[in-house]
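Student: Just passing along the structure, written as structure tokens.
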Amino acid sequence: MDGLWARLLKNNFAPLTVGQFDYIVGNPPWINWEHLPDGYRQAIAPIWIGYGLFQQRGMRAAFTKDDISVLMTYVTADKLLKDGGKLGF
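So for the sequence shown, my numbering puts the first residue at 12; every next one is plus one.
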């Protein structure tokens, strides 16, 4: 277990320290909002609100087909993509 913690910390905090990129290619998780655990939905709701993603339907909508890939796209473009960069999912 001695070497595991350093790897875990490095991997978890790497996105905060690597800067921004000209190109990002990936495959975000495609999990519908209604299938996310309730506690996780509550924890990430402020991020959705911050990006204006709940403005049309409201956070307490009984059913929505938004999925976590929507949020991943916004956060990735905002935090990791340089101005004028290209993002491909």
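Don't be surprised by glycine CBs; every beta carbon is placed ideally from N, CA and C.
Looking at the secondary structure, which residues open and close the alpha helix (DSSP H) in which M89 lies?
Tutor: The sequence given here has Asp at residue 89, not Met. Residues 79 to 90.
Student: Skipping 5 residues on each side, what residues in its chain have a beta carbon closer than 7 Å to that of K76?
Tutor: Excluding positions up to five away in sequence, the list reads N43.
Student: Can you grab the Cα-Cα spacing for the pair P40 / T84, in whole Å?
Tutor: In a straight line, the C-alpha of P40 is about 10 Å away from that of T84.
Student: Is I58 buried or exposed, if buried means 16 or more other CB atoms sit within 10 Å of its CB?
Tutor: That one is exposed.
Student: Using the Cβ count rule (16 or more neighbours within 10 Å means buried), how would you classify I79?
Tutor: So I79 ends up on the buried side.
Student: I'd like to know if the region 90 to 99 and the region 46 to 53 are in contact, where contact means that at least 3 CB-CB pairs between them fall below 8 Å.
Tutor: Because the criterion of three Cβ pairs below 8 Å is not met, the region 90 to 99 and the region 46 to 53 do not touch.
Student: Pull up the distance between the alpha-carbon of I60 and that of G37, whole angstroms please.
Tutor: Going from the Cα of I60 to the Cα of G37 covers about 24 Å.
Student: Just to confirm the assignment, what range does the alpha helix (DSSP H) spanning Y51 have?
Tutor: Note, Y51: alpha helix (DSSP H), 49 to 61.
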